[in-house]
Amino acid sequence: APPPEWDWRSKGAVTKVKDQGMCGSCWAFSVTGNVEGQWFLKEGTLLSLSEQELLDCDKVDKACLGGLPSNAYSAIMTLGGLETEDDYSYQGHLQACSFSAKKARVYINDSMELSQNEQKLAAWLAKKGPISVAINAFGMQFYRHGISHPLRPLCSPWLIDHAVLLVGYGNRSGIPFWAIKNSWGTDWGEEGYYYLHRGSGACGVNTMASSAVVN
Amino acid sequence: APPRQAADAQAREAAYPELLGPARFALEMYNRGRAAGRRAALGAVRGRVRRAGHGSLFSLKATLEEPPCNDPTVCQLPVSKKTLLCSFEVLDELGKHMLLRRDCGPVDTKVTGAGKPKSDFTRGSALISSLFQPYSDDRNETLSSVLPLLNKDPLPQDFSVKMASVFKEFVTTYNRTYETKEEAEWRMSVFSNNMVRAQKIQALDRGTAQYGITKFSDLTEEEFRTIYLNPLLRENRGKKMRLAKSISDH
């Protein structure tokens, strides 16, 4: 059974909260957050990685109009890796691809889909690092703090429209939660984080969990 | 009489000519930002009015006729002409209108098959529409306990002044600038409507979350979805990935 709680932020595996700006690029932030964690666990170095490279060079996805983590992992493998945020900084709109393989600091070997069982997801997270997930963003426009637990029909797992990163889990006053890193800046939510009920499949959090593989 | 009946006693059916001004304002707000050929038209309208501060609060029910859309640059799939049933709350104070609430939904003319098993999704959407159905005058307890600003009778004397000061604080906090006075008025209407939406979401949350004013509070739901969300995620899963072994399998 997984530990009762876990938080990769306290273990140095999570970079600061970023801000996607007026652009539907959450998918890129969810994937770079996962790869940052995988690289940290494999190499012991935490690097802030480039989302702009994915916006500009992942030709399968649609930059600010949306994308899918599974396509993004493929694009990273095809391109030959990811540059750092400093080397390929975020602009928040599509540009011509200027990726340079010589500058790539991180590579991945594969990607995989994770279990839809939240108990198994917690065990995987505690052992293997932050997880890329996709959720229904119902109510997040007005979320300020606390553990969100919307009625299921209002936050249907069929209407997934946002990608984020699971960085930890635990209980607050006996209520189980996922600690979720969002990409809307630190002036939203709990310093950029969103807390969602764990164990009830809330908002489809368990339906599209995935991770890169770094051998 | 209990407060609610007293409130309703003060609310009275409004004559059609009296409704036209608020109804046209609500339609103008609904059509804002739309090209000429894409604007909805006002169908039938009826409603009630009650005293509110220095003015009147109109609770309207109106049908809107949405024009057909065949232009793929505007609507991804062709949309035939459709009728919406809308509920609006318009505050008319000192000659100024403010749209406090807007709930619109398709007029459901289909009769679902009796006993037809509802998928989780269908049942959910039915529940959503019942939870968020056009606002009726006989407020149910949930909303009346949740929407203090709109349910005090009479409305606080300077309701729109209160709302204006909250909005002003929002503008300062999030360093908003609007190009024109009309834009600022429009954004305040959106902000006010969003306050009501946030309170509804709050009332229906089973966790400990707090909802309220955020940096997105002056965006309509459509704007927020279009700019910040990623509907591609629901359309397909993209490239199939292999399934990871569970930790216990390792």
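The listed protein sequences derive, respectively, from chains Z and S. Last residue of the first sequence: 225 in the numbering used here, with the numbers rising by one and none dropped. Last residue of the second sequence: 1007 in the numbering used here, with the numbers rising by one and none dropped. Just so it is clear, CB atoms sit at the ideal spot from N, CA and C, and this is done for glycine as well.
- Its chain contains H811 and G812 as the residues whose beta carbon lies nearer than 7 Å to that of L851(S), once the 5 sequence neighbours on both sides are disregarded; these appear in chain order.
- Between the alpha carbons of K112(Z) and D97(Z) lies a distance of about 11 Å.
- Here the C-alpha atom of S922(S) lies approximately 52 Å from the C-alpha atom of Y117(Z).
- Per DSSP, L990(S) has no beta-bridge partner at all.
- Residue range E128 to K138 is occupied by the alpha helix (DSSP H) that includes W134(Z).
- Here the C-alpha atom of L161(Z) lies approximately 24 Å from the C-alpha atom of C36(Z).
- Distance from the CA atom of D849(S) to the CA atom of L65(Z), rounded to whole angstroms, is 47 Å.
- Spatial neighbours of N950(S) in its own chain (CB-CB distance under 7 Å, excluding positions within 5 residues in sequence) are listed in chain order as L856, L857, R858 and R859.
- Below the 7 Å Cβ cutoff, chain Z contributes Q151 as neighbours of F981(S), in chain order.
- DSSP places F148(Z) outside both helix and strand once states are collapsed to three, so it counts as coil.
- In this structure, L175(Z) sits near G43(Z), with a CB-CB distance shorter than 8 Å.
- In the structure shown, the three-state DSSP call for A173(Z) is strand.
- For L799(S), the three-state secondary structure derived from DSSP is strand.
- Taking the C-beta atoms as reference points, A819(S) is found nearer than 8 Å to L799(S).
- For D29(Z), the closest Cβ of chain S is not nearer than 8 Å.
- Distance from the CA of G790(S) to the CA of E940(S), rounded to the nearest whole angstrom, comes to 11 Å.
- Against chain S, the CB of C213(Z) has no partner CB under 8 Å away; the residue lies outside that interface.
- Contact annotation: C843(S) and C826(S) have beta-carbon atoms that are not nearer than 8 Å.
- For a cut-off of 8 Å, the C-beta gap from S121(Z) to Y153(Z) is around 29 Å, too long to register as a contact.
- At a C-beta separation below 9 Å, Y935(S) has no neighbours in chain Z, since its nearest C-beta there lies roughly 16 Å away.
- Listed by position along chain Z, the residues whose Cβ is nearer than 7 Å to that of M998(S) are S80, S121, M122, E123 and S220.
- Scanning its chain for C-beta atoms nearer than 6 Å, with the 5 sequence neighbours on each side dropped, one finds around V24(Z) the residues W18 and V177, in chain order.
- Cβ proximity to chain S below 8 Å picks out P160, L161, R162, P163, L164, S166, W168, L169, I170, D171, H172, A173 and R182 from the region 160-182 of chain Z.
- Look at K52(Z): its C-beta is not under 8 Å from any C-beta on chain S.
- Proximity of chain Z to F973(S) at the Cβ level (cut-off 7 Å) is accounted for by Q151, in chain order.
- Residue state for N932(S) is assigned as coil, using DSSP reduced to three classes.
- According to DSSP, D962(S) shares a beta bridge with P160(Z).
- The alpha-carbon separation between A222(Z) and L57(Z) amounts to approximately 15 Å.
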